[in-house]
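Okay, so here's the structure we're looking at.
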Amino acid sequence: MLKKFFLNTLSSFVGAWIALVLFGVVGVIVAVGLVAGMHGTDEVASVKKHSILTLELSGSIVESETPSSINYTALMSGGIEKPQTLNVIVEGLKEGADNKNIDALYIKCGAALASPATFNAIREAVKEFKKTGKKVYAYGDVYTLGTYYVASVSDKIFLNPYGEIAIQGLGSTSMYLKGLFDKLGVEFQVVKVGTFKSAVEPYISTQMSEPARAQLDTLFSTMWDFMKDGICDNRKKLSGSEIDSLVNNGLMFSTADFAAESGFVDEVVYERVMDERLAKLIDVDKKKLNFVSPSTLIGQLPWTDAYSSKNNIAVLYATGEIVDGASTGINYQKLVPIITQLADDDKIKGLVLRVNSPGGSAFGSDQIGEALDYFQSKKKPLAVSMGDYAASGGYWISCGADRIFADPLTITGSIGIFGLIPNVKGLSDKLGINPQSVSTNPAADFPTLFTPMDEKQLSIMQKYVETGYDRFIKRVATGRKMTEAKVRQIAEGRVWNAMKAKEIGLVDELGSLKDAIEWTAKKADIYSKYDVSVYPVYEPSFWDVISMGDIEAVRMMKAISDGDFDEAGMHIARKILSRSRILARMPEFEVTLGN
């Protein structure tokens with residue numbers, strides 16, 4: 006059933022490729038070829054005997070394929086670049102484990118960019134592959150923390166003689182922008198609830214507060230210890246304290262031979278030697294080695310229309326910031342109708358909401374939450390599978406589920422709300438702009454960008470935010486079957502790793518998307534007699550494709566490269582001012598492992 010799910014994940018994206026015919030005859034040929042390749046036959050193309058499944062951990066690894074994950078600039082310049090997707094990697098490993106013609110797994114490690122939770126999901130899939138008795142080898146010119154964490158499961162780890170173990174620990178840098186906004190003449194007035202709701206800090210302060218630093222220190226330390234323990238479980242020569250000592254003394258600048266002596270790798274060889282090692286591993290002639298990628302394995306599964314089944318489990322991806330009306334991120338105006346449609350569809354027996362979001366618009370979060378309530382009113386089970394993040398607004402839309410699954414390294418919680426109201430009077434004065442207002446009532450233009458709020462107006466906004474916070478607390482209390490007092494104790498905007506979140510009742514189970522799907526099917530009483538369909542079905546318009554590159558970001562980077570920092574600051578300001586003013590969002594930090 007899950008194999009069909011990943012086929013349909015790929016097929017749902019075909020519409021995006023078809024849209025590219027607008028770019029010329031070559032685009033037509035590419036798109037038609039792609040579609041033909043996917044739809045051309047129902048027969049399973051065989052994998053050669055004694056093949057090796059090759060997993061390349063390099064470049065960006067994203068949650069799932071969407072229009073924004075394609076590099077359209079590269080496409081239009083003659084090359085198609087697509088990031089790897091977690092769902093294809095995981096299901097490809099599952100298919101490789103089951104395929105009798107796949108003899109081993111070869112992991113090629115480079116500078117892969119992904120979150121700790123994504124790497125952990127891949128690592129768990131590799132561990133499942135190993136349970137079949139098939140061997141796993143890993144080779145790298147460079148191992149980052151994330152790629153080494155995955156590779157540590159291998160039977161043997163190889164390193165280029167001029168390569169390195171680039172493990173430096175975990176950390177994140179937040180940009181504090183108050184100095185920039187002071188120069189621009191922009192200030193922010195803040196209304197918030199939560200001691201740890203530090204998402205506003207970069208706009209009103211020049212440095213990190215102690216509560217914000219304390220919660221990040223706890224979060225990163227727990228994640229770092231978890232990953233070290235995972236490495237040490239498989240690399241018996243290493244201990245957590247030894248890893249810390251080596252990292253603190255410049256491990257990444259040490260030689261490959263030192264990495265071998267320390268127990269990080271088993272052998273130091275150039276990549277060309279790996280063909281000999283792999284041929285010996287599976288007992289074939291080196292010239293007869295055949296390598297297969299996860300996406301190739303999935304593409305060779307028989308084509309099926311999952312929705313033709315009478316019993317479907319829907320998987321709905323909610324990825325990105327929760328926004329009001331934007332074309333990227335989680336747009337409630339697009340997501341709510343899909344949820345309603347799934348609720349009313351008799352073929353849909355249950356729903357798994359895959360959440361990968363730091364939060365965003367409080368209003369949008371509430372609308373999505375209500376739509377999910379409507380889905381549950383149809384007596385259909387709802388599970389949430391958390392990815393890298395499911396925090397603040399991401400937790401708002403998750404907390405009402407019948408069961409919540411999370412990766413151990415998921416970041417969640419951040420139950421709080423804030424309002425960030427900009428005042429650009431200083432900027433308008435610098436530019437010679439003099440706004441003039443005529444109104445029937447004092448509140449007609451409140452809040453305005455050109456005049457700071459007075460005490461009465463601030464009090465009104467604070468009460469408004471507190472009302473939203475109370476609404477958030479009530480939703481969590483109802484969904485998680487807690488008292489409001491208990492929720493308030495663990496709220497205050499604090500972020501948690503999923504392991505701690507499970508202890509305090511914010512998460513039910515540490516598990517994968519696959520676990521969530523299987524639980525939902527069981528709850529719907531359909532067990533193995535079901536198919537899985539994926540939503541949303543992406544069909545970008547011509548203008549979606551044109552705007553995919555984020556022109557504002559391109560212009561900002563050009564201004565920086567030209568040394569025009571005033572212009573760059575203006576682009577940053579426009580990006581921030583375009584946001585909804587009342588947000589349920591986690592602090593703006595990102596934990597990404599890689600270069």
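Residue numbers (the working numbering): 6 to 600.
Yeah, the Cβ is synthetic: ideal placement off N, Cα and C, and Gly gets one too.
Buried versus exposed call for residue 278 [16 or more other C-beta atoms within 10 Å across all chains shown]: Residue mapping note: residue 278 aligns to position 273 of the sequence shown, counting from 1. It counts as exposed.
CB of residue 419 within 8 Å of CB of residue 500, strictly: As a first step, residue 419 must be located in the sequence shown, where it is residue number 414. As a first step, residue 500 must be located in the sequence shown, where it is residue number 495. Yes, the pair counts as a contact, with Cβ atoms nearer than the cut-off.
Expected contact under 8 Å - CB spacing of residue 120 and residue 393 to nearest Å: The residue you call residue 120 lines up with position 115 of the sequence shown. The residue you call residue 393 lines up with position 388 of the sequence shown. With 8 Å as the limit, residue 120 and residue 393 qualify as a contact, their Cβ atoms being about 4 Å apart.
Residue 150 to residue 229 span [Cα, whole Å]: For the purposes of this step, residue 150 is identified with residue 145 of the sequence shown, where counting begins at 1. For the purposes of this step, residue 229 is identified with residue 224 of the sequence shown, where counting begins at 1. Inter-residue distance for residue 150 and residue 229 is about 10 Å (C-alpha atoms, whole angstroms).
Proximity below 8 Å, CB of residue 387 to CB of residue 406: Locating residue 387 in the sequence shown gives position 382, where the first residue counts as 1. Locating residue 406 in the sequence shown gives position 401, where the first residue counts as 1. A contact, by the Cβ cut-off of 8 Å.
Delimiting residues of the beta strand (DSSP E) encompassing residue 424: What you label residue 424 is simply residue 419 of the sequence shown in a count that begins at 1. That run of the beta strand (DSSP E) goes 422 to 428.
Residues that DSSP places opposite residue 391 in a beta bridge: On the sequence shown, position 386 is the one that residue 391 refers to. DSSP lists 360 and 411 as partners of residue 391.
Residue 194 (DSSP reduced to helix, strand or coil): By 1-based counting over the sequence shown, the position of residue 194 is 189. In this structure, residue 194 counts as strand in the three-state DSSP scheme.
Residue 477 burial status per 10 Å Cβ neighbour count (16 or more: buried): Numbered from 1 along the sequence shown, position 472 holds the residue referred to as residue 477. By the neighbour-count rule (16 or more Cβ atoms within 10 Å), residue 477 is buried.
Whole-angstrom distance between residue 161 and residue 482, CA atom to CA atom: Mapped onto the sequence shown, residue 482 falls at position 477. Mapped onto the sequence shown, residue 161 falls at position 156. If you take the alpha carbons of residue 482 and residue 161, they lie about 48 Å apart.
Three-state secondary structure assigned by DSSP to residue 199: Translated into the one-based positions of the sequence shown, residue 199 becomes position 194. Residue state, collapsed to three classes: coil.
Residue range of the beta strand (DSSP E) that includes residue 56: Walking along the sequence shown from the start, residue 56 turns up at place 51. Run containing residue 56: 56 to 67, per the beta strand (DSSP E) assignment.
Member of 139, 451, 365 and 486 whose CA lies at the smallest distance from the CA of residue 408: In the sequence shown, the residue the question calls residue 408 occupies position 403. Here the closest residue by C-alpha is 486.
Buried/exposed call for residue 90, threshold 16 Cβ in 10 Å: Here the question's residue 90 lines up with position 85 in the sequence shown. Within 10 angstroms of the beta-carbon of residue 90 lie 16 or more other beta-carbons, which makes it buried.
DSSP-derived helix/strand/coil call for residue 93: The count along the sequence shown starts at 1 and reaches residue 93 at position 88. It is helical.
Spatial distance of residue 66 from residue 123 (CA atoms): Here the question's residue 66 lines up with position 61 in the sequence shown. Here the question's residue 123 lines up with position 118 in the sequence shown. Answer to the nearest angstrom: the Cα atoms are 8 Å apart.
contact_flag[the stretch 143 to 158, the stretch 226 to 244] where n(CB pairs < 8 Å) is 3 or more: By the Cβ test, the stretch 143 to 158 is in contact with the stretch 226 to 244, since at least three Cβ pairs between them sit closer than 8 Å.
Coarse secondary structure for residue 539, derived from DSSP in three states: To locate residue 539, count along the sequence shown from 1; it is residue 534. Three-state DSSP puts residue 539 in a strand.
Per-residue burial, residue 384 [other beta carbons within 10 Å of its own, 16 or more giving buried]: Here residue 384 refers to the residue found at position 379 of the sequence shown. By the 10 Å Cβ count, residue 384 comes out exposed.
Residue 218 classed as buried or exposed, judged by whether at least 16 other C-beta atoms fall within 10 angstroms: For this step, residue 218 is matched to residue 213 along the sequence shown. By the neighbour-count rule (16 or more Cβ atoms within 10 Å), residue 218 is not buried but exposed.
Contact between the stretch 200 to 209 and the stretch 422 to 430 (3+ Cβ pairs under 8 Å): With contact defined as three or more Cβ pairs closer than 8 Å, the stretch 200 to 209 and the stretch 422 to 430 are in contact.
Supposed close pair residue 398, residue 367 - CB separation, criterion 8 Å: Numbered from 1 along the sequence shown, position 393 holds the residue referred to as residue 398. Numbered from 1 along the sequence shown, position 362 holds the residue referred to as residue 367. The beta-carbon separation of residue 398 and residue 367, rounded to 7 Å, stays under the 8 Å limit for a contact.
Run of the beta strand (DSSP E) containing residue 141, from where it starts to where it stops: In the sequence shown, the residue the question calls residue 141 occupies position 136. First-last of the beta strand (DSSP E) with residue 141: 140 to 149.
Status (buried if at least 16 other CB within 10 Å, exposed otherwise) for residue 519: Mapped onto the sequence shown, residue 519 falls at position 514. Residue 519 should be labelled buried.
Residue 497 beta carbon less than 8 Å from that of residue 200: In the sequence shown, residue 200 corresponds to position 195, counting from 1. In the sequence shown, residue 497 corresponds to position 492, counting from 1. Cβ distance < 8 Å, so residue 200 and residue 497 count as in contact.
Three-state class that DSSP yields for residue 208 in the structure shown: To locate residue 208, count along the sequence shown from 1; it is residue 203. Helix.
Cα-Cα separation between residue 459 and residue 465, rounded to whole angstroms: Within the sequence shown, numbered from 1, the residue matching residue 459 stands at position 454. Within the sequence shown, numbered from 1, the residue matching residue 465 stands at position 460. Cα to Cα, residue 459 sits roughly 10 Å from residue 465.
Of the listed residues 223, 197, 473 and 525, nearest to residue 177 (C-alpha basis): Position 172 of the sequence shown, counted from the first residue, corresponds to residue 177. Of 223, 197, 473 and 525, the residue nearest in Cα terms is 223.
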